[in-house]
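Protein chains in written order, with the working numbering: chain A, 295 to 559; chain B, 67 to 347.
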């Protein structure tokens with residue numbers, strides 16, 4: 295029996311004031327099991343990113359409860375790896391040093407880093423190798439392509455073995471082919487380490503390729519209105535996103551999102 | 067251009083092109099010196115042709131002669147000004163870095179202090195010198211304080227800007243790792259503000275120099291500012307101009323040192339291109 299790792303129960307989030315502020319989430323309930331890969335899709339501005347902030351504890355929920363790993367979230371979690379559309383690498387650091395950053399901050403690595411540096415270095419290099427960056431470890435971010443930067447950003451999100459990985463449209467700014475390459479890289483990383491993942495995206499093929507379950511969000515204020523299991527065995531290939539099974543799910547998701555969009559206007 | 071593309075025929079023009087581009091680079095490198103020398107020559111020529119009186123506008127030759135003749139006192143005065151400027155400047159760096167970091171790290175402090183700082187910066191520092199004289203008397207101290215007052219602001223503003231503009235997503239990434247405020251500052255805020263900081267040093271060193279000379283002119287008994295004042299009050303106009311030339315040379319020298327430090331410390335930010343990133347000042 296796999297236990298629930300992320301549990302949101304009737305969560306609301308209002309920002310910019312308690313009464314007159316914008317309601318970004320309302321009655322949002324969802325669960326993500328341990329080691330599960332869940333994608334969240336929805337119309338733009340529906341509060342997908344807000345959902346990430348609430349799950350990570352960066353923003354406290356205005357109502358309802360958020361629990362991660364069996365404990366209620368009241369302050370920013372320190373077990374989370376995050377990656378965003380913008381890779382946000384530090385320009386004064388090499389790829390290697392950028393990926394090392396979490397080890398200099400997160401417990402318990404911060405205390406061990408100096409003593410066990412060689413083993414940490416080997417770990418970083420393994421990770422870079424997995425995403426094909428082993429020859430770029432001494433390069434600075436501006437010497438990398440957008441796809442490479444995003445790979446490094448993923449490595450940075452994973453280096454400290456977070457039990458929860460939050461990805462907010464990490465491939466949104468990349469071209470189609472680079473994006474597909476990174477899907478494969480992310481799938482490999484996930485299969486190797488099995489963290490719990492919540493991926494926010496507006497690319498339905500991406501959601502279906504990567505996720506065990508795809509959740510659909512309503513218009514703002516967002517809540518979960520549908521939940522699709524993606525029953526395709528792993529490792530998946532890119533071709534399978536064009537197979538009937540995947541196409542069927544993508545079609546359904548598409549219909550649901552366009553219905554949601556219509557209902558708003 | 068003819069249609070032939072014989073490799074042997076291309077060799078000579080290619081060599082010629084290399085030579086030409088090398089010559090162009092050399093001219094480019096020498097151009098600042100050529101401009102300075104050229105303007106002195108033009109000046110010399112104008113004074114001779116228009117028969118301008120030396121007590122109105124002395125010729126460069128007369129200026130350099132006077133400067134050479136008085137080289138001892140000029141050197142002494144320049145050293146005094148140099149030391150004054152550097153002390154004021156270093157104080158400004160220390161204070162500007164500390165206050166800039168504090169103001170950049172706390173948006174509440176930023177909102178509270180910034181308007182007052184802008185008001186303070188708008189006060190012409192020449193107007194403050196007489197008050198400084200009342201407080202500390204005539205001498206080196208008012209000049210140091212003036213150099214400090216005039217030069218800390220650009221440093222403070224630039225450091226604060228660099229720290230306050232850390233990308234919110236990056237902040238989230240770090241906070242989600244359990245980073246404390248001071249860790250974010252240390253790992254991201256401060257390194258990020260370094261290009262701003264070093265860019266501001268260029269401005270700060272120049273204005274610190276202006277500050278100390280102004281203060282020396284108004285209220286001192288030493289330094290190059292005082293030296294020029296004395297020279298012009300004795301109608302030794304070429305000597306006063308010699309003082310001006312020396313201040314110009316010193317200003318350039320200090321600026322060059324600041325640029326060299328900047329290039330060394332924050333090459334990652336410019337990637338070999340001079341961006342001229344500067345806020346305030």
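Quick reminder that beta carbons are idealized off the backbone N, C-alpha and C, glycines included.
Here the C-alpha atom of residue 480(A) lies approximately 8 angstroms from the C-alpha atom of residue 448(A). Each residue's CA atom was taken as its position, placing residue 423(A) and residue 359(A) some 40 angstroms apart. Linking residue 462(A) to residue 396(A) through their CA atoms gives a straight-line distance of about 18 angstroms. Annotation: residue 88(B) has no Cβ neighbours in chain A at a cutoff of 7 angstroms; minimum Cβ distance is about 28 angstroms.
Neighbours of residue 318(A) across chain B, judged by C-beta separation under 7 angstroms, do not exist; the nearest C-beta is about 16 angstroms away. The beta carbon of residue 399(A) sits closer than 8 angstroms to some beta carbon of chain B. Listed in chain order, the positions of the region 250-263 of chain B with a beta carbon within less than 7 angstroms of a beta carbon of chain A are 253, 254, 257. Between residue 272(B) and residue 205(B), the C-beta gap is not smaller than 8 angstroms, which leaves the two residues out of contact.
At a cut-off of 8 angstroms, the C-beta of residue 225(B) has no neighbouring C-beta in chain A. In the same chain as residue 292(B), and ignoring 5 residues on each side of it, the C-beta atoms closer than 8 angstroms to its own belong to 143, 282, 283, 286, in chain order.
Taking a C-beta cut-off of 9 angstroms against chain B, the contacting residues of the region 366-378 of chain A are 370, 371, 372, 373, 374, 375, 376, 377, 378, listed in chain order. Within its own chain, the residues whose Cβ lies closer than 6 angstroms to the Cβ of residue 379(A), once the five positions on either side in sequence are excluded, are 463, 466, 467, listed in chain order.
In this structure, the beta-carbon distance from residue 210(B) to residue 167(B) does not fall below 8 angstroms. Residue environment for residue 114(B): exposed (fewer than 16 other C-beta atoms within 10 angstroms of its C-beta). Taking C-beta separations shorter than 7 angstroms and ignoring five residues to either side along the sequence, residue 318(B) has no partners in its chain.
Close CB contacts of residue 320(A) within its chain, under the 7 angstroms cut and outside five residues either way in sequence, are with 306, 515, 517 (chain order). The C-alpha of residue 405(A) lies about 11 angstroms from the C-alpha of residue 411(A). Note on the region 230-286 of chain B: whole alpha helix (DSSP H) runs with a minimum of 4 residues are 234-241, 247-250, 256-285, in chain order.
Bridge partners of residue 511(A) according to DSSP: 518(A). Cβ proximity to chain A below 7 angstroms picks out 233, 235, 236, 238, 239, 240, 241, 242, 243, 244, 245 from the region 232-248 of chain B.
Residue 264(B) holds the alpha-carbon nearest to the alpha-carbon of residue 330(B) among 264(B), 276(B), 312(B). Under the Cβ criterion of 8 angstroms, residue 171(B) is not counted among the residues facing chain A. Taking residue 438(A) as reference, the option from 388(A), 473(A), 421(A), 346(A) with the minimal CA-CA separation is 388(A). Residue pairing of residue 322(A) in beta bridges, as defined by DSSP: 305(A).
Taking 8 angstroms as the cut-off, the beta carbon of residue 547(A) is found closer than this to the beta carbon of residue 508(A). If you ignore the 5 residues before and after residue 520(A), its C-beta comes within less than 6 angstroms of the C-beta of 510, 550, all in its own chain and listed in chain order. Judged by DSSP in its simplified three-state form, residue 465(A) adopts coil rather than helix or strand. At a cut-off of 8 angstroms, the C-beta of residue 334(B) has a neighbouring C-beta in chain A. By the C-beta density criterion, residue 248(B) is exposed, having fewer than 16 other C-beta atoms within 10 angstroms. Under the Cβ distance rule, residue 382(A) counts among the residues neighbouring chain B, one pair being separated by less than 8 angstroms. The C-beta of residue 457(A) comes no closer than 8 angstroms to any C-beta of chain B.
Proximity of chain B to residue 434(A) at the Cβ level (cut-off 7 angstroms) is accounted for by 334, in chain order.
For residue 385(A), the neighbours in chain B by C-beta distance under 8 angstroms run, in chain order, 334, 335.
The DSSP-derived three-state label of residue 427(A) is coil. Non-local beta-carbon contacts of residue 110(B) in its own chain, meaning distances under 8 angstroms to residues more than five positions away in sequence, involve 125, 126, 127 in chain order.
Remark: C-beta atoms of residue 255(B) and residue 372(A) do not approach each other more closely than 8 angstroms.
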